[in-house]
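Structure first, then comments.
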Amino acid sequence: DFGFYTDAGVVIFKYGPAEIKFKGIAFSTAGNLHVKELDPPLFGYTADAPSRAHWWLTGSMAIPIESNGKKIADLTIDGTTTFFVDVGGKSDIADILLGLVKGGTPVSMATYLA
Numbered sequence: 369d370f371g372f373y374t375d376a377g378v379v380i381f382k383y384g385p386a387e388i389k390f391k392g393i394a395f396s397t398a399g400n401l402h403v404k405e406l407d408p409p410l411f412g413y414t415a416d417a418p419s420r421a422h423w424w425l426t427g428s429m430a431i432p433i434e435s436n437g438k439k440i441a442d443l444t445i446d447g448t449t450t451f452f453v454d455v456g457g458k459s460d461i462a463d464i465l466l467g468l469v470k471g472g473t474p475v476s477m478a479t480y481l482a
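The sequence shown begins at 369 in my numbering and counts up by one.
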């Protein structure tokens with residue numbers, strides 16, 4: 369498992385004055401990353417029933433708003449996403465990759481996981 373986060377972010381794309389920043393990533397082979405809150409609650413996930421994830425990514429985008437060549441505001445969008453993998457009832461990515469390595473094909477991986 370690994371992860372990092374920075375409030376300042378790392379600029380990954382810039383077009384004119386607008387920029388997209390990468391702020392953090394975390395990974396858990398067993399899918400043990402938990403999202404504590406979703407506001408508003410989506411698809412039944414709430415603080416009482418947190419979602420699990422293998423990958424967690426977060427970033428931001430800033431677009432300056434100008435009028436007559438003068439900056440009047442910044443439109444800032446922050447976003448977070450998670451990914452969870454479940455193959456054949458198995459959610460540990462290490463087991464999934466081991467099945468692929470031992471079997472050599474996705475079909476043999478499914479046989480190994482069964």
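Backbone N, C-alpha and C define an ideal beta-carbon position, used for all residues, glycine too.
Closest by C-alpha distance to residue 401, when choosing among 447, 423, 449 = For this step, residue 401 is matched to residue 33 along the sequence shown. Ranking the options by Cα distance to residue 401, first place goes to 423.
Have a look at residue 443 and residue 395 and give me their C-alpha separation to the nearest angstrom.
-> Numbered from its first residue, the sequence shown carries residue 443 at position 75. Numbered from its first residue, the sequence shown carries residue 395 at position 27. Answer to the nearest angstrom: the Cα atoms are 30 Å apart.
Where residue 398 and residue 438 are concerned, what is the direct C-alpha to C-alpha distance, given to the nearest angstrom?
-> Residue numbering aside, residue 398 sits at position 30 when the sequence shown is read from its first letter. Residue numbering aside, residue 438 sits at position 70 when the sequence shown is read from its first letter. When rounded, the distance between both Cα atoms is 50 Å.
Excluding the 5 residues preceding and the 5 following residue 387 in the sequence, name in chain order all residues of the same chain whose CB lies nearer than 8 Å to its CB.
-> Numbered from its first residue, the sequence shown carries residue 387 at position 19. 379, 381, 429, 430, listed in sequence order.
If you run the structure through DSSP and keep just helix, strand and coil, what is residue 385?
-> If you number the sequence shown from 1, residue 385 lands on position 17. Residue 385 falls in the coil class under three-state DSSP.
So is residue 384 buried or exposed if we call it buried at 16+ other beta carbons inside 10 Å?
-> Indexing the sequence shown from 1 puts residue 384 at position 16. Exposed is the call here.
Based on Cα-Cα distance, which residue from 370, 440, 389, 436 lies nearest to residue 447?
-> If you number the sequence shown from 1, residue 447 lands on position 79. Comparing Cα-Cα distances from residue 447 to each of 370, 440, 389, 436, the minimum goes to 389.
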